[in-house]
Amino acid sequence: MSMGGIRRRCSQSVKIGSVLLGNAAPIVVQSMTNTDTTDINATTRQVHELAEAGSELVRITVNTPQAAIAVPKIRARLDSLGCRVPLIGDFHYNGHRLLSEFTDCAKALAKYRINPGNVGRGELDPFTVMIAAAVRYEKPVRIGVNWGSLDQKLVVRMMDENSRLDEPLEVRAVTRAALIASALQSAERAEQLGLAHDRIVLSCKVSEVQDLIAVYRALSQQCDYALHLGLTEAGMGSKGIVASTAALAVLLQEGIGDTIRVSLTPDPKGARTTEVLVAQEILQTMGLRAFAPMVVACPGCGRTTSTVFQELAQTIQDYLRAQMPVWRQSYSGVEQMSVAVMGCIVNGPGESKLANIGISLPGTGELPSAPVYVDGEKVTTLRGDNIATEFTRIVEEYVARNYAKH
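Just add 42 to wherever you are in the sequence shown, counting from 1, and you've got this note's numbering.
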């Protein structure tokens with residue numbers, strides 16, 4: 043399938059609740075809560091916020107009996123709010139016991155995440171027990187192998203085999219191969235245990251850009267499972283955003299990946315929804331999906347010593363994002379709209395004409411007027427202290443006129 047001029051890898055479709063990923067489906071954005079799952083109010087609130095921001099799947103930690111008991115209550119609360127986003131259960135070490143003992147939890151979740159490197163040990167094979175639950179309740183599973191919790195027995199065996207080669211590979215290359223082997227062997231075993239091929243999603247998470255690209259290039263050539271992309275432990279702020287974008291953009295450009303998560307470390311007082319917006323913007327700027335109207339704004343220079351255009355660009359961008367939960371219900375295609383907020387006469391009129399709606403604010407020494415263009419035609423000139431309010435009104439009228447559902 044081709045999207046945005048990019049030919050996507052043909053992968054197996056997987057249904058997760060009401061969301062379809064893989065093959066011809068759009069690339070799905072997902073995220074994860076960082077609340078204590080036993081705090082039902084806080085977790086429900088954060089899941090709802092993530093879904094409102096555009097996360098189409100939300101993962102929650104299920105690590106204790108109390109967390110497992112909370113899951114169906116969270117699901118019920120979300121349903122009462124009209125929030126149907128599928129919930130994914132993140133299991134480590136004791137997932138086999140939790141899925142066996144708390145059947146309401148097992149049923150309420152739309153997908154299970156299993157890490158082969160730390161499924162736990164016990165008298166019963168934990169992996170077998172977890173896959174049995176997935177089969178029993180007809181749930182898909184993400185087999186998520188992680189660089190930081192790779193099965194050490196597998197690593198040691200592959201390192202030993204590598205050391206006996208005439209030309210041994212470097213340690214990092216063997217570790218990457220072990221990640222892929224763990225994922226594929228676990229998927230094969232899951233199918234042998236009765237889990238359908240179209241209920242398996244794979245991921246191989248690492249924290250370095252070049253490692254992620256190398257792993258997924260190789261993995262995508264060895265299977266047709268739907269693939270979950272994400273740079274694990276990406277970091278904070280601009281570092282995390284840049285690293286995630288650099289890694290995911292390369293793979294997405296090559297048609298690899300069916301769902302993505304941007305694993306940002308949030309600022310202490312920052313919003314968890316930032317990772318959702320970054321994931322959306324990666325896909326939208328690459329032309330793979332559209333989530334909200336895009337704002338084109340100039341970076342500023344010596345011609346734009348005033349901050350008016352910066353403030354207006356921020357106001358308009360925040361306004362468009364805030365309106366999207368409402369607009370999705372009433373307007374069709376509004377996410378494709380483009381808005382230009384430019385700072386001077388050099389590129390202002392030209393960029394404004396190329397956008398659906400554009401405004402060219404006066405630069406230093408220019409006349410105190412701001413021409414507004416709609417679909418390439420100048421429609422008015424704004425002046426005075428109410429430019430932001432008047433321009434917002436023009437945007438609102440354009441949306442109502444051009445995107446109303448019939």
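Virtual Cβ for every residue (Gly too), placed ideally from N, Cα, C.
Query raised in the report: Would you report the Cα separation of Gln-194 and Ser-224, rounded to the nearest angstrom?
Result: 10 Å
**Report entry** Same chain only: Cβ atoms within 6 Å of Val-320, ignoring 5 sequence neighbours per side
**Finding:** Ile-283, Val-304
Query raised in the report: Going by the CB atoms, is the gap between Thr-287 and Val-248 shorter than 8 Å?
Result: No, the pair does not count as a contact, with Cβ atoms beyond the cut-off.
Report task. Given a cut-off of 8 Å, decide if Val-338 and Glu-296 are closer than it, judged by their beta-carbon atoms. Result -> No, these two residues do not count as a Cβ contact at 8 Å.
Query raised in the report: In chain order, what residues of the same chain lie with their CB nearer than 6 Å to the CB of Trp-369, ignoring the 5 residues before and after it?
Result: If the five residues before and after Trp-369 are omitted, its C-beta is found closer than 6 Å to the C-beta atoms of Val-376, all from its own chain and listed in chain order.
Requested in this report: State yes or no: is the C-beta of Lys-115 within less than 8 Å of the C-beta of Leu-151?
Outcome: no
Report task. Check whether the stretch 250 to 267 touches the stretch 198 to 208, taking contact to mean three or more Cβ pairs, one atom from each stretch, closer than 8 Å. Result -> Not touching, per the Cβ criterion.
Requested in this report: Name the two residues that bound the continuous beta strand (DSSP E) containing Leu-129.
Outcome: 129 to 133
**Report entry** Under the three-state DSSP convention, the category Asn-188 falls into
**Finding:** Asn-188: strand per DSSP, three-state reduction.
Query - The alpha helix (DSSP H) enclosing Pro-367, as first and last residue numbers - result: Element bounds for Pro-367: 350 to 372.
Query raised in the report: Helix, strand or coil for Arg-425 per DSSP?
Result: coil
Report task. Write down every uninterrupted run of the beta strand (DSSP E) in the stretch 210 to 280 whose length is 3 residues or greater and which is fully enclosed by it, in chain order. Result -> 242 to 247, 268 to 271
Query raised in the report: Based on the DSSP output, what are the partners of Ala-150 in its beta bridges?
Result: The partner list for Ala-150 (beta bridge, DSSP) is empty, contrary to what the question assumes.
Report task. Would you be able to state if there are at least three C-beta pairs under 8 Å between the stretch 121 to 135 and the stretch 358 to 367? Result -> no
Query raised in the report: Rounded C-beta distance between Ser-245 and Val-197? I'm assuming under 8 Å.
Result: At roughly 18 Å, the Cβ-Cβ gap does not stay under 8 Å, so Ser-245 and Val-197 are not in contact.
Query - Straight-line gap, Asp-167 to Arg-139 (C-alpha atoms, nearest Å) - result: 11 Å
Requested in this report: Assign Lys-153 to buried or exposed, taking buried as 16 or more other Cβ atoms, counted over all protein chains shown, within 10 Å of its Cβ.
Outcome: Within a 10 Å sphere around the beta-carbon of Lys-153 sit 16 or more other beta-carbons, which makes this residue buried.
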